[in-house]
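In this note's numbering, the protein residues as written are -8 to 82.
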């Protein structure tokens, strides 16, 4: 029962955050191309990866390494995120 609740909550949260991300990204200018999408995609893949690992009972060093790898890739590509109008004035 707990697994089903976890699946439903993860799907709802990922769907909502994807919609909010797409809505916010619609009016920004992405000068770096696909590199600007790597950070958000990695951030959205992390909970999905963690849920799959938990459901398949593969929790261990390999799963932690996978999550850490996604986090490092996301952190590296933050420099390619487009500057939104909200943050443009603060720089």
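Glycine residues also receive a C-beta, built at the ideal position from the N, C-alpha and C atoms.
Cβ-Cβ distance between residue i and residue j below 8 Å
| i | j | result |
| --- | --- | --- |
| residue 5 | residue 35 | yes |
| residue 40 | residue 51 | no |
| residue 3 | residue 29 | no |
| residue 67 | residue 23 | no |
| residue 49 | residue -6 | no |
| residue 37 | residue 10 | no |
| residue 31 | residue 7 | no |
Assumed close pair residue i, residue j - CB separation to whole angstroms, cut-off 8 Å
| i | j | result |
| --- | --- | --- |
| residue 73 | residue 26 | 10 Å between Cβ atoms; not a contact. |
| residue 42 | residue -2 | 7 Å |
Q: Any chance you could list the alpha helix (DSSP H) runs of at least 4 consecutive residues sitting entirely within the segment 15 to 56, in chain order?
A: 26 to 46
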